[in-house]
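Per my numbering, the very first residue in the sequence shown carries number -11; after that it's consecutive. C-beta atoms are modelled at their ideal positions from N, C-alpha and C, and glycine is treated no differently. These numbers were taken from a predicted model, which means no experiment stands behind them.
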Amino acid sequence: MLRTKLTVGLLLALVPTLALSAAREEDDEPPKDGKWLYSRHCAGCHNENGDGKGPTITQMGLVARDFAQGGFAFGDSAEQLKRTITSGIPGRSPMPSFKGVLSDEEMSLVIGHVRTLMPKRDETKPSNTELVVKDRAVIARGKLPPISEGAVETPRGLLVGTPEGLTFEYDVSAVRLLGVRMGRFADREDWGDRGGAYLKPLGRVIWDVADGLDVRVKPKPESSYAPMGANHRVLKSTFATANAAGLEYELRDHEGQGRVLATVREEVRSLTTSFGAALQRSWTLKPGTLMDASLAYSVAGAEESSGETVRWFARRRNGDGVDVTALRRLDAGPDGERWNVTSIRLPAWAPKLAEVLEQELVR
-11 MLRTKLTVGL LLALVPTLAL SAAREEDDEP PKDGKWLYSR HCAGCHNENG DGKGPTITQM
49 GLVARDFAQG GFAFGDSAEQ LKRTITSGIP GRSPMPSFKG VLSDEEMSLV IGHVRTLMPK
109 RDETKPSNTE LVVKDRAVIA RGKLPPISEG AVETPRGLLV GTPEGLTFEY DVSAVRLLGV
169 RMGRFADRED WGDRGGAYLK PLGRVIWDVA DGLDVRVKPK PESSYAPMGA NHRVLKSTFA
229 TANAAGLEYE LRDHEGQGRV LATVREEVRS LTTSFGAALQ RSWTLKPGTL MDASLAYSVA
289 GAEESSGETV RWFARRRNGD GVDVTALRRL DAGPDGERWN VTSIRLPAWA PKLAEVLEQE
349 LVR
């Protein structure tokens, strides 16, 4: 209990520090080189020598990446490092996004300095079958290997890769999110194999909490139609642009008569907070002509609470840390009800932290 209170206190004390590290300060002296920028924006966590024991992260009771050891979580090429700096590390650490804080040129200078602190390596080109995400999201379908130990393969899989370096992994047969990865996107090694090889995701899993989403439908008062049993999700389409990525699916009656009970549009992205990077899924829920629809959300084993505009789910992990999910209903739009669900991993959780984070989500 003492450790939890101490950690919460440190987090609250460090909120301004973390926010400051992700907000450009005005200075009479312009940045001169990568070392200067690194010292200003990165050394608080990674330390001046890159050993990951900077004063800010040490106060949190954590250790950042040790550059001298190499083996970066999401790749150490210049492109992969830029993605990590741009999007932060959702679900894994308090590292914020520096998008809008550092320009592309400044990021390149920082990366150049970071690479002087890590073991030398030769750049390797992607294989001919590797799918690379650049400035626009990429969608890929195929048979996926088990996402974790003890899981089963996914015969009908779907990967949504975003420019931030995130990969949202779905089971198409149930239209259900299996988890989120970060790093390189995917290798289509199945292209050269007729025996059913996998579409191989290349990123590391950073979020594996169960989907949690449920859409409930019931007949409208003026309708005599009464569906029996559970409704079925049927993938309708996917979308991938420079600014948005996700999928749309229909809820149909279980009798297979093709009647649409409701339509759901799901958009995925990363989100920057003063506590670090978070994952966000946005839903637009449109009822069918015969049905009313409502959204329900739950996280197995989580403690639930409510703020002014947010419903919270805090799920303690076996080791240190808490998976925190915020469900927020937005104003209804022309296409139906709109909801956001934001997930972030923190060292500890307390009502005061919820107040701070809720203010940021509402903004």
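Rounded separation between residue i and residue j - CA only
i      : j      : result
LEU132 : GLU141 : 6 Å
GLU36  : ALA302 : 35 Å
SER258 : LEU349 : 13 Å
VAL203 : THR251 : 10 Å
GLY49  : MET279 : 51 Å
GLY191 : LEU341 : 30 Å
LYS20  : ALA139 : 50 Å
ARG12  : LEU90  : The predicted position of ARG12 is uncertain, since its pLDDT is 44 and thus under 50; a value taken from the coordinates is nonetheless stated next. So the two alpha carbons sit approximately 8 Å from each other.
ARG317 : THR297 : 8 Å
GLU254 : ASN116 : 31 Å
PRO207 : VAL222 : 20 Å
SER331 : ALA281 : 24 Å
ASP175 : LYS122 : 15 Å
ARG304 : TYR285 : 18 Å
LEU69  : GLU177 : 25 Å
ILE77  : VAL193 : 11 Å
SER65  : VAL205 : 48 Å
TRP271 : LEU165 : 13 Å
GLY100 : ARG71  : 14 Å
GLU292 : GLU343 : 15 Å
VAL51  : GLY88  : 25 Å
GLU346 : ALA265 : 15 Å
ASP129 : TRP327 : Checking the displayed sequence, the identity of residue 129 turns out to be Arg instead of Asp. Distance between the alpha carbons of ARG129 and TRP327 is about 26 Å.
GLY200 : ALA290 : 11 Å
PHE173 : MET83  : 21 Å
PRO189 : VAL312 : 25 Å
GLN57  : HIS34  : 13 Å
GLY38  : SER27  : 10 Å
Anticipated Cβ contact below 8 Å, residue i with residue j, distance rounded
i      : j      : result
GLU238 : LEU273 : Not really, about 12 Å apart at Cβ, beyond 8 Å.
GLY149 : VAL126 : 5 Å
MET106 : PHE55  : 5 Å
VAL310 : GLY276 : The pair is not a contact, with the Cβ atoms about 38 Å apart (cut-off 8 Å).
GLY153 : MET170 : 6 Å
PHE86  : THR104 : Contact flag wrong, Cβ pair sits at about 19 Å.
ARG124 : ALA228 : 6 Å
LEU267 : TRP195 : 6 Å
ARG299 : LEU315 : 4 Å
GLY360 : GLY32  : Here the chain comprises residues numbered -11 to 351, so residue 360 is not present and cannot be evaluated.
VAL98  : LEU187 : Wrong, their Cβ atoms sit about 34 Å apart, outside the cutoff.
Residue environment, residue i, which counts as buried when at least 16 other CB atoms sit within 10 Å
i      : result
SER294 : exposed
GLU210 : exposed
GLY167 : buried
PRO339 : exposed
ASP323 : exposed
ASP92  : exposed
SER262 : buried
ASN219 : buried
PRO143 : exposed
VAL120 : exposed
ALA230 : exposed
PRO134 : exposed
GLY321 : exposed
ASP159 : buried
ARG53  : buried
ASP241 : buried
ARG333 : buried
Enclosing beta strand (DSSP E) for residue i [first to last residue]
i      : result
GLU366 : The structure shown does not extend to residue 366, since the chain spans only -11 to 351, so no value can be given for it.
THR297 : Where THR297 is concerned, there is no enclosing beta strand (DSSP E), given that its DSSP letter is neither H nor E.
LYS20  : Counting along the chain, LYS20 falls outside any beta strand (DSSP E), and DSSP gives it neither H nor E.
PRO275 : 264 to 275
PRO207 : 201 to 207
TYR237 : 233 to 240
VAL312 : 310 to 321
GLY145 : 142 to 149
SER286 : That residue, SER286, is in no beta strand (DSSP E); it is neither H nor E in DSSP.
THR226 : 220 to 228
PHE156 : 154 to 159
LEU166 : 164 to 170
SER331 : 324 to 334
ARG192 : 192 to 195
Where the alpha helix (DSSP H) through residue i begins and ends
i      : result
GLY32  : 31 to 34
LEU340 : The sequence given here has Lys at residue 340, not Leu. Taken as a continuous stretch (DSSP letters only), the alpha helix (DSSP H) holding LYS340 covers 339 to 350.
PRO43  : 43 to 47
is_contact[residue i, chain D] using C-beta, thresh 8 Å
i      : result
TYR285 : The structure shown has no chain D; it contains just one protein chain.
Residue i Cβ short of 7 Å to the ligand MN heavy atom set
i      : result
THR226 : Judged by which ligands are present, the structure shown has none, so any question about the ligand MN falls away.
**Message:** For a minimum of 4 consecutive residues, which ranges assigned as the alpha helix (DSSP H) are wholly contained in the segment 74 to 138?
**Reply:** 92 to 105
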